[in-house]
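S.K.: Note that my numbering gives residue 459 to position 466 of the sequence shown, counting from 1, and the numbers run on in steps of one. Using N, Cα and C, we set each Cβ at its ideal position, and we do this for glycine too.
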Amino acid sequence: MPGLIQLINALNAYIRMAWAVIWTAMWAVFLYEFYLIIDKFLQYPASVTISLGYKGRAFPMVTICNQNPLRYQIVQKNSTYSELNNIMTTYKQLVQSNYDNISGNPYGVNDYESRFTKTAVLQQAQVLALNDLTSDEIKAASYTLDNFILAWYFNNAKVNASFFNEFIDPTFGLCYQFNSNNTGTTLVTNRAGSYFGLRSLALVNQRSPDGTLQYLPTTIAAGLKVGINYQNEDPAMENYAINIGVGTETMISLELTEVNRASHPYGDCSDDETLNYYTSFNYTLTYCFRSCIQRRTISACGCANPVYAKPDNASYCTLDDLSCVFLQKTAQQDGSNFSVASECGCNPSCSDTNFDIIVSVGKSPSLDYAPLVDVNPRYSCGVNSTLFANEQACVKWFESNSAVINIWYDGLDYTLQAEGSSYSLSTASNDLGGQAGLWVGISLVSVIEGVVFIIFIFLYFCFGRKYTDVEITDDIRGADSRYLIMKGFKEELDTQEIMDEEIAIRYRAFKMRDELKRQEKIAEGERLNALAVAKAKQQKKDPGLVQRMLGQGQ
């Protein structure tokens, strides 16, 4: 770390103090940035990426129900439907009494005050009574496909009855599903617009052409219920179906949104089937809520509401359980009802495809339009039909007893919403490395070195001193090859050291000898020089001395 090096190598105390302040401040800033980065990462923030796609789409499954579950004409005359007749009789008595108390308090209607609640409890009783009937008994009093949907076209071409499948709804009785799993074929749309979808004319039949009443007195609205789902979904008609009124042409355009949610920890999506009774369908938040409501009903009443799916070990409620089942709907009035959002523990699914539905309605048929010409002559207003006195009577009957449905894709483009991490581990590590390099000048290598140093310190305190306290004997040393190698190496070094010392001593002796000889030569030279000087001085005093010395020498 550069700052620490400068601190250690400072020339004086003032510079050392300045570097200490700078080093401490930089580390404080870095640690604060480190905290912010880690805190942001541990919050696991998510973002949604929106993209647009375009492709051919599978056409949805369309469920069409009459809002009237059974034909009143058959219910009145058949003892099989006696319980339903009793409910109709009770409702008529309520109407006649202006929704005041009636004798006998059938179905507990006198226990409720408002007109709406009295009607609602009888409608709940109707659902329970309908559930007690077998499929064949329901079909016997329902509308057949030929008398319910008189004309149907897909991609502007007429399709046959094989594309429709029967479906019994607990609230609306016998319904018909177009493009369901059971047809064996999944229809695909490769073009958008109203000409390339489903168009059908359905009979509501409040009254038959001869004037016979077909609607049950408890049926409030005259029209259809239309559910739009994919084939692997439950239509849940009582909650999510679209109301189609009589005497109308309803245009339903579809836009698609695909949603991919992030799982934990970046999101709360789940595909947990343990909370879901709709095991034959893909998990959705709606199925989880409906299963939760069913669990609460089973817990409170000991039986299951027929409107929702149930576990295998539970039985559906009967009319004996009416008050308890109805209470699960009305308990919210006194604030005691539970909240599915907070108490069910449900999370949205990780993948969803949602239909954005746009509905527009027009009057149908128009005054001068003759329905079903050359399609269904029996109901046609354009030919001599035995059902109607004249064309005007035919058109008037269709205004009160039919509805036209158009369903298509508004476009083949779709919106994809993908939820994912907005601050990944890679982003966090990049930010952390940038802050570390900026404020304290360290890198990943520095971190690794620090970690290794800490590991070595830890190992030393844990194991190093433990081994140094063991007494090492000669036997242990003799058996340890590492010791023998080191011993030999040490002896070799000692021998080499002795040899080097002897060489150094000899070298110093030679140097001293040479120095002594040099000193002797210098001394001899100085002596001779002094002698010469002395002779020169004597000669100067006695000039004949030299001649005498020379003569003596001769």
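Since glycine 240 sits in a beta bridge, which residues does DSSP pair it with?
M.R.: For glycine 240, which the question treats as bridged, DSSP gives no partner whatsoever.
S.K.: Considering lysine 48, what are the terminal residues of the alpha helix (DSSP H) in which it resides?
M.R.: Note, lysine 48: premise wrong, no alpha helix (DSSP H); not H, not E.
S.K.: In whole angstroms, what is the alpha-carbon distance linking valine 366 and tyrosine 402?
M.R.: Because valine 366 carries a pLDDT of 49, less than 50, the predicted location of this residue cannot be relied on, and the following value inherits that uncertainty. When rounded, the distance between both Cα atoms is 27 Å.
S.K.: Where does aspartate 487 fall in DSSP's three states?
M.R.: Three-state DSSP puts aspartate 487 in a helix.
S.K.: Since glutamine 89 is in the alpha helix (DSSP H), which residue starts that stretch and which ends it?
M.R.: Counting along the chain, the alpha helix (DSSP H) containing glutamine 89 begins and ends at 75 to 89.
S.K.: Do you know offhand how far alanine 429's Cα is from alanine 39's?
M.R.: Each residue's alpha carbon lies about 25 Å from the other.
S.K.: Whose C-alpha, out of Leu45, Lys85 and Ser417, is nearest the C-alpha of aspartate 32?
M.R.: The candidate whose alpha carbon is nearest that of aspartate 32 is Ser417.
S.K.: What are the boundary residues of the beta strand (DSSP E) that includes threonine 56?
M.R.: From DSSP, the beta strand (DSSP E) with threonine 56 extends over 54 to 59.
S.K.: CB-CB under 6 Å to threonine 73, same chain, minus the five flanking residues each way: which ones, in chain order?
M.R.: Result list for threonine 73: Glu130, in chain order.
S.K.: Under the three-state reduction of DSSP, which class applies to cysteine 294: helix, strand or coil?
M.R.: Cysteine 294 falls in the helix class under three-state DSSP.
S.K.: Considering only residues of the same chain and omitting the five flanking positions on each side of cysteine 294, which have a CB-CB separation below 8 Å?
M.R.: So the list reads Cys310, Asp314, Cys317, Val318 and Gln321, once near-sequence residues are dropped.
S.K.: Got a sec, what are the start and stop residues for the beta strand (DSSP E) phenylalanine 548 sits in?
M.R.: A query on residue 548 cannot be resolved here, the shown segment of the chain reaching from -6 to 547 and no further.
S.K.: Measuring alpha carbon to alpha carbon, tell me which of Leu29, Thr82 and Glu106 ends up nearest tyrosine 92.
M.R.: For the residues Leu29, Thr82 and Glu106, the minimum Cα distance to tyrosine 92 belongs to Glu106.
S.K.: Identify whether glutamine 547 lies in helix, strand or coil by the three-state DSSP scheme.
M.R.: Here the model assigns glutamine 547 a pLDDT of 49, short of 50, so the residue's position is not dependable, and the following value carries that caveat. Note: glutamine 547 maps to coil in three-state DSSP.
S.K.: Out of Glu442, Asn269 and Val445, which has the shortest C-alpha to C-alpha gap to phenylalanine 282?
M.R.: Residue Asn269 is the option with its Cα nearest to phenylalanine 282.
S.K.: Which partner residues of glutamate 495 appear in the DSSP bridge assignment?
M.R.: Glutamate 495 is not bridged to any residue.
S.K.: I'd like to know if the stretch 202 to 212 and the stretch 89 to 103 are in contact, where contact means that at least 3 CB-CB pairs between them fall below 8 Å.
M.R.: Judged by Cβ distances under 8 Å, the stretch 202 to 212 makes no contact with the stretch 89 to 103, as fewer than three pairs qualify.
S.K.: Cβ of alanine 234 within 7 Å of Cβ of valine 219?
M.R.: Cβ distance < 7 Å, so alanine 234 and valine 219 count as in contact.
S.K.: I'd like to check one pair, isoleucine 57 with tyrosine 146: are the Cβ atoms closer than 7 Å?
M.R.: Not closer than 7 Å, so no.
S.K.: State the Cα-Cα distance for the pair lysine 48 and asparagine 347, rounded to the nearest angstrom.
M.R.: Cα to Cα, lysine 48 sits roughly 16 Å from asparagine 347.
S.K.: With H, G and I counted as helix, E and B as strand and the rest as coil, what does DSSP make of valine 397?
M.R.: Valine 397: strand per DSSP, three-state reduction.
S.K.: Assuming asparagine 394 and glutamine 199 make a contact with CB atoms under 8 Å, what is their CB distance in whole Å?
M.R.: Sure, about 6 Å apart at Cβ, within 8 Å.
S.K.: Taking 6 Å as the limit between beta carbons, can you name the residues of its chain near serine 344, skipping five residues before and five after?
M.R.: Once the five neighbours on either side are set aside, the close Cβ partners of serine 344 are Asn253.
S.K.: Straight-line CA distance for proline 163 to asparagine 61?
M.R.: Taking the straight line from one Cα to the other gives about 12 Å.
S.K.: Identify, in the order they occur along the chain, each residue of the same chain with its Cβ nearer than 6 Å to the Cβ of glutamine 116, setting aside the five sequence neighbours on each side.
M.R.: Thr211, listed in sequence order.
S.K.: Where does threonine 17 sit, in a helix, a strand or coil, going by DSSP?
M.R.: Threonine 17: helix per DSSP, three-state reduction.
S.K.: Determine, using beta-carbon pairs with one atom in the stretch 404 to 413 and one in the stretch 237 to 250, whether at least three such pairs fall under 8 Å.
M.R.: Yes, the stretch 404 to 413 is in contact with the stretch 237 to 250.
S.K.: Does the Cβ-Cβ distance between alanine 13 and leucine 4 come in under 7 Å?
M.R.: In this structure, leucine 4 does not lie closer than 7 Å to alanine 13 by Cβ.
S.K.: Look at the alpha carbon of glutamine 36 and the alpha carbon of threonine 420, and state the distance between them as a whole number of angstroms.
M.R.: If you take the alpha carbons of glutamine 36 and threonine 420, they lie about 14 Å apart.
S.K.: Name the residue from Val120, Leu87 and Thr179 whose alpha carbon lies nearest to the alpha carbon of phenylalanine 109.
M.R.: Nearest C-alpha to phenylalanine 109: Leu87.
S.K.: Hey, how far is the Cα of aspartate 264 from the Cα of isoleucine 351?
M.R.: Between aspartate 264 and isoleucine 351, the C-alpha separation is close to 29 Å.
S.K.: How many Å lie between methionine 19 and valine 433 at the Cα?
M.R.: The straight-line gap from Cα to Cα measures roughly 6 Å.
S.K.: For serine 332, which of Arg289, Ser342 and Ser357 has the nearest alpha-carbon?
M.R.: When only C-alpha atoms are compared, the closest one is Arg289.
S.K.: Identify the continuous alpha helix (DSSP H) that holds glutamate 442 and give its terminal residues.
M.R.: 437 to 452 is the span of the alpha helix (DSSP H), which, as asked, contains glutamate 442.
S.K.: Where does glutamate 226 land, buried or exposed, given buried means 16+ other C-beta within 10 angstroms?
M.R.: Answer is buried; the Cβ neighbour count reaches 16.
S.K.: What's the C-alpha gap between valine 239 and phenylalanine 141?
M.R.: Answer to the nearest angstrom: the Cα atoms are 13 Å apart.
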